[in-house]
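First comes the structure, then the notes that go with it.
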Amino acid sequence: MDQYLSVLIFLLVGVGIVLFTFFIARLIRPHNPYKEKNQTYECAEAPVGNSWVKFNNHFYIFALIFVVFDVEAVFLFPWAVAFGQLGLFALVEMIIFIAILVFGLYYAWKKGVLKWV
Amino acid sequence: MPDYNLRLIIPEIFLFLWALFIIAFDLGTKRKNPKLIGYLTMGGIAATAVLLYLYHGGISFNNMFKSDPLALFFKVIFLGSAFMAVGSSFDIIAQKIKNHRGEFFGLVLFSTVGMMFLASAGELISLYIGLELTTIPLFILAAYYKDDRISVEAGLKYLVIGAFSSAILLYGLSLLYGLSGTTDIVMMKINLALLYLNTNGIGWALLMAIVMVLAGIGFKLALVPFHMWAPDVYQGAPTPITALLSVGSKAAGVVAFMRIFIDGLYGFADAVMFPLDWGNIVAVLAAAAMILGNISALRQKNIKRMLAYSSIAQIGYVMVGMVAVSELGVGSVGYYMFIYLFANMGAFAVATIFNDNTGSDSIASYAGLSKSSPMISAFMAIFLLSLAGIPPLAGFAAKFFVFAAGIQAGYTWLVILALLTAVVSLYYYANVIKMMYFAPDNPTIKLNTPLSANIVLIIGVAGLIIFGVYPEPILNFALDTARVFGF
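This is the structure in structure tokens:
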């Protein structure tokens, strides 16, 4: 169990540091709440209306398609850096990967998702 | 360049590309040909089976992907369940799903690809990815009737439970990795045994890992006490998807269980290892599954709920063979799942046809079906009697081998309990048959079946009768899979 003891200590120290900082902050910070300060923070604007409003469905689908290509870009960077050592095989592999994602774009396009109505 | 041996994953690659093709084809032809797309999907599955026959046997991706007899056997079950699910969904596609037909078939194929990868997984990460690829399309498919509250509820429930169980499973797998220092299952077996012999300090961590992995896979198998999602999801999902969930996805859970427990944790199966053994835990869960599944099924009025509870009980019988951890045990589990494929897919196919024609799932509405549709009633009777385990149908042989394996391994109490609960199960299966044959006439029923559904029914009945009378070829194949574990 000795190996796990260090894990336990690490855990306790981790929790302890957080609690300690909160405690210190409470001691030294000024305490002065007023109405504007207690409002919901919304990019420094005064919040208007209820947050449970209906958004256009399209935002969601655009965001989803964006994320797909965002993740693709994340994969492309390490691939590009290591490309020198990997050679032709990596090129083919990446082409397959992108082809599958492009199929997704084709699907979305064909379904008319990209049209803003 | 390392040796990837890509030849072995040709069937999976083909099925994946075929799924993309089905989706693109449906979209490209403006969704005009629902029947053609269905037949193309069935053809693709059949072609995958041929490719599987041509390219199997070996190891690729440094032992991450094993194409051994066990994988081959279960891949046949997965392809069979996908084939029969697609075949019985033609009327649903024509009537209820107007806008997403290609996607329906495509997602079924994606899920099947996941099951195939899972069956071949030689290490924990590819096993987990296979499991996710299996379940994520099924979340969408369970909620496929977008305007039906029950279906959406089923999808959401399955998603929440599925995500939860994946997290638990992953935590258990991470503990196993932490203990053994490897994700390769065979290496894990060796390292765990060495660690156990050299140090006495792995007890609690290993027990936690066993319980968590068991819970994670138990959710996928709908093993008691992780079964509570099953009746609601089975009832709400489109009936062919329910069938795929109850056969394909369940067989995937069984093979994952085999790979992790019978292979990776082989040394910890025995009661000698108490309290670190998983054999007794699984035996108790199997007993609970058989009791709870069978007794709850007695009171069901909806055929899909009844079959859901029956499938909970069936997985209890499967686990009797699993805890035996022997050649006969592994072989009988494989044989059981193979027969279960025909019986359960067939029963759900009849339920689908009945619902397409009458819009009802209640058992009471089957009254007098034998007068108007004698063939389908006879088929349904065969499927249900096989599920109950009546000779000469194949369900009897399957139960016999599983129980024999249990007796051989010394789990006599479990087998006696299984026999008693099997008697109870006869009541609710026979109840449907009584409704169809002996209840007063209900002249409004007239069932029209599409050709593809007839093919599915005939495959189911033929499988049950042929393998009931002559079980040797499949049984030998199933016993051969036990070689994978060195029995």
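These protein sequences, in sequence, are chains A and B.
To convert a position in the first sequence, counted from 1, into the numbering used here, add 203.
To convert a position in the second sequence, counted from 1, into the numbering used here, add 10.
Glycine is no exception: its CB is placed at the ideal position from the N, C-alpha and C atoms.
- prompt: Does any C-beta atom of chain A lie closer than 7 Å to the C-beta of LEU37 of chain B?
  reply: yes
query: In chain A, what lies closer than 7 Å to ILE33 of chain B by C-beta?
result: TYR310
message: Looking only at its chain, what residues have a beta carbon closer than 6 Å to the beta carbon of PHE393 of chain B, apart from the 5 residues adjacent to it on each side?
response: ALA353, GLY356, ALA357
Contacts that LEU30 of chain B makes with chain A (C-beta to C-beta distance below 7 Å): PHE306
task: Spell out a yes or no on whether the region 37-49 of chain B and the region 88-95 of chain B are touching, meaning 3 or more CB-CB pairs, one atom from each, closer than 8 Å.
output: no
task: Counting only the same chain and skipping the five closest in sequence on each side, list residues whose C-beta sits under 7 Å from that of GLY344 of chain B.
output: PHE83, ALA488, THR491
Contact belief for LEU148 of chain B with VAL234 of chain B at Cβ below 8 Å, rounded distance in angstroms: Contact doesn't hold; Cβ gap of about 21 Å is too wide.
query: LYS238 of chain A CB to nearest chain B CB: under 7 Å?
result: no
task: Check the DSSP bridge columns for GLY68 of chain B and list the partner residues they point to.
output: B:SER77
message: Between the region 207-222 of chain B and the region 249-257 of chain B, can you find at least three pairs of beta-carbon atoms closer than 8 Å?
response: no
Cut-off 7 Å between Cβ atoms - residues of its own chain near LEU436 of chain B, not counting five sequence neighbours on either side: ALA398
field: Closer than 7 Å to chain B by CB, LYS318 of chain A
entry: no
message: Spatial neighbours of LEU427 of chain B within its chain, please: C-beta separation below 6 Å, excluding the five flanking residues on both sides.
response: ALA297
- prompt: By Cβ distance below 6 Å, which residues in the same chain neighbour MET332 of chain B in space, the five residues on each side in sequence not counted?
  reply: VAL343
- prompt: What is the DSSP secondary structure of GLU163 of chain B, reduced to helix, strand or coil?
  reply: helix
- prompt: SER136 of chain B bridges to which residues according to DSSP?
  reply: According to DSSP, which records beta bridges pairwise, SER136 of chain B is partnered with nothing at all.
query: How would you call MET74 of chain B, buried or exposed, if buried means at least 16 neighbouring beta carbons within 10 angstroms?
result: buried
query: Between ALA361 of chain B and LYS311 of chain B, which are expected to be in contact by the criterion C-beta below 8 Å, what is the C-beta distance as a whole number of angstroms?
result: About 14 Å; that fails the 8 Å criterion.
field: Minimum Cβ-Cβ distance from LYS257 of chain A to chain B less than 7 Å
entry: no
- prompt: When you compare each of B:MET329, B:VAL60, B:ASP371 to GLY263 of chain B by their alpha carbons, which one comes out closest?
  reply: B:MET329
field: C-beta contact flag for LEU351 of chain B and VAL292 of chain B at 7 Å
entry: no
query: Where does GLU239 of chain A fall in DSSP's three states?
result: coil
task: Measure from the alpha carbon of ALA334 of chain B to the alpha carbon of each residue in B:GLY226, B:ASN486, B:PHE271, B:MET316, then state which is nearest.
output: B:PHE271
- prompt: Are the CB atoms of LEU474 of chain B and SER396 of chain B nearer to each other than 7 Å?
  reply: yes
task: Going by DSSP, name the residue or residues bridged to VAL312 of chain B.
output: Sequence check: residue 312 of chain B is Asn here, not Val. Answer is B:SER372.
message: With three or more C-beta pairs closer than 8 Å as the rule, is the region 443-453 of chain B touching the region 373-391 of chain B?
response: yes
query: Mind checking whether LYS199 of chain B and GLY140 of chain B have CB atoms under 7 Å apart?
result: no
message: Measuring only the C-alpha atoms, how far is GLU253 of chain A from LYS156 of chain B?
response: The sequence shown places Asn at residue 253 of chain A, not Glu. One C-alpha to the other measures close to 28 Å.
- prompt: Count the other CB atoms within 10 Å of the CB of GLN242 of chain A; is the residue buried (16 or more) or exposed (fewer)?
  reply: exposed
message: Looking at GLY246 of chain B: is its Cβ nearer than 7 Å to the Cβ of ALA307 of chain B?
response: no
- request: Assess, as a yes-or-no matter, whether the region 275-287 of chain B is touched by the region 125-137 of chain B under the definition of 3 or more beta carbon pairs within less than 8 Å.
  value: no
For PRO79 of chain B and ASN290 of chain B, the rounded distance between their alpha carbons: 28 Å
- prompt: Whole-angstrom Cβ separation of MET445 of chain B and TYR376 of chain B, contact assumed at under 8 Å?
  reply: 5 Å
message: I believe VAL305 of chain A touches ILE264 of chain A by the beta-carbon criterion, under 8 Å. Please report the beta-carbon distance rounded to the nearest angstrom.
response: Their Cβ separation, rounded to whole angstroms, is 17 Å, which puts VAL305 of chain A and ILE264 of chain A out of contact at 8 Å.
message: Quick check: what's the CA-CA separation for GLU142 of chain B versus ARG232 of chain A?
response: 48 Å
- request: State the beta-bridge partners of ALA518 of chain B as determined by DSSP.
  value: Residue numbering for chain B in the displayed model covers 11 to 497; residue 518 of chain B lies beyond these limits and cannot be assessed.
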